[in-house]
Amino acid sequence: MKVRLQQRENRVGDPSVAQGFGRVATSSPPVFDPGSELDKAYAFFVDHGYVVLGNCLDAGEISHLNEFYDRTQRERPDTWGLSERRKPHHRDQGLIFSQPLLDYPELDIYTRHPASFPLVAELLGGRDRVRFSEFNFRETPKDAGVGAMNFHHDAVVADRFERAPYMPCDWLCAIHYLTDTAPGTPAFCVVPGSNHYATLQEAFEGLGDAYQEVPIYGAAGTCILYDTALFHTRCDGDGHKRRRTWHQYYARGGWLPSSLPASDRYVRPPTPVLTNWNLFPERLALHPDPEVRMFFSHWNTAQCEWVASGFSDAVRDSMPRGNQ
Ligand SMILES: [Fe+2]
Numbered sequence: 000m001k002v003r004l005q006q007r008e009n010r011v012g013d014p015s016v017a018q019g020f021g022r023v024a025t026s027s028p029p030v031f032d033p034g035s036e037l038d039k040a041y042a043f044f045v046d047h048g049y050v051v052l053g054n055c056l057d058a059g060e061i062s063h064l065n066e067f068y069d070r071t072q073r074e075r076p077d078t079w080g081l082s083e084r085r086k087p088h089h090r091d092q093g094l095i096f097s098q099p100l101l102d103y104p105e106l107d108i109y110t111r112h113p114a115s116f117p118l119v120a121e122l123l124g125g126r127d128r129v130r131f132s133e134f135n136f137r138e139t140p141k142d143a144g145v146g147a148m149n150f151h152h153d154a155v156v157a158d159r160f161e162r163a164p165y166m167p168c169d170w171l172c173a174i175h176y177l178t179d180t181a182p183g184t185p186a187f188c189v190v191p192g193s194n195h196y197a198t199l200q201e202a203f204e205g206l207g208d209a210y211q212e213v214p215i216y217g218a219a220g221t222c223i224l225y226d227t228a229l230f231h232t233r234c235d236g237d238g239h240k241r242r243r244t245w246h247q248y249y250a251r252g253g254w255l256p257s258s259l260p261a262s263d264r265y266v267r268p269p270t271p272v273l274t275n276w277n278l279f280p281e282r283l284a285l286h287p288d289p290e291v292r293m294f295f296s297h298w299n300t301a302q303c304e305w306v307a308s309g310f311s312d313a314v315r316d317s318m319p320r321g322n323q
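To convert, note that position 78 of the sequence shown is 77 in numbering that gives the first Met the number 0; the numbers rise steadily by one, no gaps.
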């Protein structure tokens with residue numbers, strides 16, 4: 000029998016904007032050391048679809064990235080949606096700088112960050128199988144109010160319910176907190192194990208007593224890795240405190256045999272492109288090091304056209320987020 004439960008009202012009292020079933024975890028998830036607990040962190044991810052890593056950025060990196068926010072918000076407010084022209088694709092969800100890698104080589108060192116990358120590589124089937132998808136910066140500004148994001152999953156591949164084994168996953172997202180996150184600030188929130196369900200309702204019914212909504216708090220430098228098939232949201236804080244996060248998506252590259260019985264044998268192709276708009280700059284897409292080129296090899300059709308144009312500014316300017 001299908002049981003349909005009332006979803007709870009969100010904090011602004013609008014029942015049409017649901018933020019889950021309200022079964023919020025009372026304890027915090029474990030935090031793993033990325034250097035010494037890689038195997039444990041991998042096992043936790045396989046069981047739950049996400050994992051939290053502590054102290055992935057040092058004080059200098061946290062300071063650099065926050066200074067980057069301050070500098071670019073001052074010098075290029077349009078890129079953050081801080082001008083009159085609010086970004087239609089990100090209305091009510093705070094600020095976002097969608098493509099900071101395009102013009103800022105100072106960020107290249109973060110694209111395979113040494114703290115989290117070894118686990119990213121394990122989760123995607125090996126260092127040579129990791130591909131870059133997207134890199135952006137987001138901010139919930141001070142006194143932003145509440146945006147009430149719904150639980151959702153990001154991009155998914157249809158075979159995820161049938162393939163064996165499930166791992167490696169198709170896409171991974173790494174969220175690094177760049178400011179301290181605690182009760183009262185917006186927080187990333189996951190439903191552990193929900194990556195094996197098509198809807199949140201099915202996850203609620205299928206997971207039974209194990210169903211939980213887990214807000215993740217942590218100091219600046221905390222990194223959360225999650226399977227993009229996992230249901231997640233941003234829990235609103237008190238509407239006043241600021242939060243900054245760096246989001247990077249990785250995909251799985253190469254062709255992968257399945258271990259299904261011979262009669263059902265199939266191979267998994269490289270993960271499709273994540274978006275139709277994300278661009279990789281020439282210095283990375285055509286990097287002299289073949290390993291870096293392979294990392295940046297998942298081009299969408301917009302990228303193909305930009306490459307064919309010789310990375311023309313006019314072509315880039317014609318694209319919806321070419322300068323955001
Ligand atoms: Fe998402």
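From the three backbone atoms N, C-alpha and C, an ideal C-beta is built for every residue, glycine too.
Item to check | Range covered by the beta strand (DSSP E) that runs through Asn299 | outcome: For this step, residue 299 is matched to residue 300 along the sequence shown. Careful: Asn299 lies outside any beta strand (DSSP E) and carries neither H nor E.
Item to check | Cut-off 6 Å between Cβ atoms - residues of its own chain near Gly236, not counting five sequence neighbours on either side | outcome: Taking the first residue of the sequence shown as 1, we reach residue 236 at position 237. Excluding residues within five positions, the ones whose Cβ falls inside 6 Å are Gly183, Thr184, Pro185.
Next on the checklist: Using a Cβ-Cβ distance cut-off of 8 Å, determine whether Arg22 contacts chain B.
Outcome noted: In the displayed structure, chain B is absent; only one protein chain is listed.
Item to check | Cβ neighbour criterion (16 or more within 10 Å) applied to His239 | outcome: In the sequence shown, the residue the question calls residue 239 occupies position 240. The residue is exposed, with fewer than 16 neighbouring Cβ atoms inside 10 Å.
Checklist entry - Asp153: beta carbon under 7 Å from a heavy atom of ligand 1? => result Sequence index remark: in the sequence shown, residue 153 carries index 154 (1-based). Checking every heavy atom of ligand 1 against the Cβ of Asp153, one is found closer than 7 Å.
Item to check | Residue from Thr78, Pro280, Ala219 whose Cα sits closest to the Cα of Glu60 | outcome: Indexing the sequence shown from 1 puts residue 60 at position 61. Of the candidates Thr78, Pro280, Ala219, the one whose C-alpha sits nearest the C-alpha of Glu60 is Ala219.
Checklist entry - Where does Gln323 sit, in a helix, a strand or coil, going by DSSP? => result Your numbering for residue 323 matches position 324 in the sequence shown. Coil.
Item to check | As assigned by DSSP and simplified to three states, the class of Trp245 | outcome: Indexing the sequence shown from 1 puts residue 245 at position 246. DSSP places Trp245 in strand when its eight states are reduced to three.
Checklist entry - Does the separation of the CB atoms of Tyr196 and Gly205 fall below 8 Å? => result Counting from one through the sequence shown, the residue named residue 196 turns up at place 197. Counting from one through the sequence shown, the residue named residue 205 turns up at place 206. Going by C-beta atoms, Tyr196 is nearer than 8 Å to Gly205.
Checklist entry - Any chance the CB of His324 is under 7 Å from a heavy atom of ligand 1? => result The first residue shown for the chain is 0 and the last is 323, placing residue 324 beyond what the model contains.
Checklist entry - Buried or exposed: Pro319, going by 16 or more other Cβ atoms within 10 Å of its Cβ? => result Here residue 319 corresponds to residue number 320 of the sequence shown, with the count starting at 1. So Pro319 ends up on the exposed side.
Checklist entry - Roughly how many angstroms separate the alpha carbons of Ser311 and Asp102, rounded to a whole number? => result Indexing the sequence shown from 1 puts residue 311 at position 312. Indexing the sequence shown from 1 puts residue 102 at position 103. In a straight line, the C-alpha of Ser311 is about 14 Å away from that of Asp102.
Checklist entry - In whole angstroms, what separates the C-alpha of Thr25 from that of Trp305? => result On the sequence shown, position 26 is the one that residue 25 refers to. On the sequence shown, position 306 is the one that residue 305 refers to. Computed Cα separation, rounded: 49 Å.
Checklist entry - DSSP puts Ala250 in a beta bridge; with which residues? => result Mapped onto the sequence shown, residue 250 falls at position 251. Partner(s): Arg130, Trp170.
Item to check | Whole-angstrom distance between Arg162 and Tyr176, CA atom to CA atom | outcome: What you label residue 176 is simply residue 177 of the sequence shown in a count that begins at 1. What you label residue 162 is simply residue 163 of the sequence shown in a count that begins at 1. When rounded, the distance between both Cα atoms is 33 Å.
Checklist entry - Using a Cβ-Cβ cut-off of 6 Å (strictly less than) and excluding sequence neighbours within five positions of Gln323, which residues of its own chain qualify? => result As a first step, residue 323 is located in the sequence shown; it is residue number 324 there, counting from the start. Closer than 6 Å at the Cβ level, and outside the excluded window around Gln323, lie Thr78, Ser97.
Next on the checklist: If the criterion is Cβ atoms closer than 8 Å, does the pair Phe279 and Arg130 meet it?
Outcome noted: Start at 1 with the first residue of the sequence shown, and residue 279 comes out as number 280. Start at 1 with the first residue of the sequence shown, and residue 130 comes out as number 131. Not in contact: Phe279 and Arg130 (Cβ atoms no closer than 8 Å).
Next on the checklist: I need the DSSP call for Gly207, collapsed to helix, strand or coil.
Outcome noted: For the purposes of this step, residue 207 is identified with residue 208 of the sequence shown, where counting begins at 1. Three-state result, Gly207: helix.
Checklist entry - In terms of residue numbering, what span does the alpha helix (DSSP H) encompassing Val45 cover? => result By one-based count along the sequence shown, residue 45 stands at place 46. Looking at the DSSP string, the run of the alpha helix (DSSP H) that includes Val45 is 37-47.
Next on the checklist: Measuring CB atoms only, is the region 151-165 touching the region 105-116, in the sense that at least three cross pairs come out at less than 8 Å?
Outcome noted: Counting Cβ pairs under 8 Å, fewer than three are found: no touch.
Next on the checklist: Looking at Cys168: is its Cβ nearer than 8 Å to the Cβ of Asp208?
Outcome noted: As a first step, residue 168 is located in the sequence shown; it is residue number 169 there, counting from the start. As a first step, residue 208 is located in the sequence shown; it is residue number 209 there, counting from the start. Not a contact, by the Cβ cut-off of 8 Å.
Item to check | Cys234 versus Asn149, Arg251, Phe203, residue with shortest Cα-Cα distance | outcome: Position 235 of the sequence shown, counted from the first residue, corresponds to residue 234. The option with the nearest alpha carbon to Cys234 is Asn149.
Checklist entry - Per DSSP, Glu212 is paired with what? => result Position 213 of the sequence shown, counted from the first residue, corresponds to residue 212. According to DSSP, Glu212 bridges with Val23.
Checklist entry - Cα separation between Pro256 and Val266? => result What you label residue 256 is simply residue 257 of the sequence shown in a count that begins at 1. What you label residue 266 is simply residue 267 of the sequence shown in a count that begins at 1. Their Cα atoms are separated by approximately 4 Å.
Next on the checklist: Can you determine whether any heavy atom of ligand 1 sits closer than 7 Å to the C-beta of His231, and answer yes or no?
Outcome noted: For the purposes of this step, residue 231 is taken as the residue at position 232 of the sequence shown. His231: yes, Cβ under 7 Å from ligand 1.
Checklist entry - Going straight from the alpha carbon of Pro325 to that of Phe43, what length do you get? => result Since the first and last residues shown for the chain are 0 and 323, residue 325 lies out of range.
Checklist entry - To the nearest angstrom, how far is it from the Cα of Cys55 to the Cα of Tyr41? => result As a working note, residue 55 is residue 56 in the sequence shown. As a working note, residue 41 is residue 42 in the sequence shown. When rounded, the distance between both Cα atoms is 16 Å.
Item to check | Sequence ranges, alpha helix (DSSP H) only - wholly within the region 56-80, length at least 4 | outcome: 58-74
Checklist entry - Leu285 to Asp107, Cα distance in whole Å? => result On the sequence shown, position 286 is the one that residue 285 refers to. On the sequence shown, position 108 is the one that residue 107 refers to. For Leu285 and Asp107, the distance between alpha carbons rounds to 14 Å.
Item to check | Proximity of Ala202 and Val190 at Cβ, strictly below 8 Å | outcome: Taking the sequence shown and counting its residues from 1, one reaches residue 202 at position 203. Taking the sequence shown and counting its residues from 1, one reaches residue 190 at position 191. Yes, they are a contact pair.
Next on the checklist: Under DSSP, the beta strand (DSSP E) around Leu123 begins and ends at which residues?
Outcome noted: Taking the sequence shown and counting its residues from 1, the one referred to as residue 123 is at position 124. First-last for Leu123: undefined, no H or E at that position.
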